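If you're matching positions, the sequence shown starts at 419 in our numbering and goes up one per residue.
Below: the structure, in structure tokens.
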Amino acid sequence: MSQRPESIPPGTRGPGYQRAPDHRVAFLPSAKKVVVKAGDQIIAESTDVVILEEANYPPRYYLARKDVNAERIQRVEGKTTFCPFKGLASYFSVVGPDGSIADAAWSYEQPYREAEILRDRIAFDRDKVSEVV
């Protein structure tokens with residue numbers, strides 16, 4: 419298992435590829451319209467989307483941060499996770515009409531070189547909010 423770094427310098431190659439060079443991670447730019455809702459409240463609406471297809475995981479939509487309603491997300495201080503292929507992810511709660519939904523979104527603010535396309539993008543947990551494509 420790769421050791422979790424505190425930060426990732428720009429241009430660093432993901433260490434997961436050394437251990438598992440055949441691990442499939444595909445970043446597919448798309449103009450599909452994706453709408454994210456919490457209840458009836460629109461949290462994000464974008465046609466600037468990257469579809470992430472990774473082995474053993476369902477496809478994920480990463481929306482341009484500029485298309486996310488900043489008033490409807492709140493950073494979860496101190497919560498990050500590490501992926502040896504993508505980098506360090508920060509988490510966000512979604513503030514909806516019925517209150518806050520914890521850890522409903524994440525963003526790779528310090529991606530590895532191979533995942534640089536995910537910088538300035540946010541993905542949402544489909545178990546916590548709805549995505550309409």
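Cβ atoms here follow ideal geometry from the backbone N, Cα and C, with glycine treated the same way.
Bear in mind the structure is a predicted one, so any value in this text is a computation, not a measurement.
Separation of the CB atoms of residue 481 and residue 443 is rounded to 18 angstroms, and the pair is thereby denied contact status at 8 angstroms. Residue environment: residue 530 is assigned as buried (16 or more neighbouring CB atoms within 10 Å of its CB, all protein chains considered).
The region 509-524 and the region 420-432 do not touch, with fewer than three beta-carbon pairs separated by less than 8 angstroms. By the neighbour-count definition (other C-beta atoms within 10 Å, threshold 16), residue 505 is a buried residue. Considering only 478, 422 and 503, the residue with the shortest C-alpha distance to residue 439 is 503.
Secondary structure at residue 424: coil, using DSSP grouped into helix, strand and coil.
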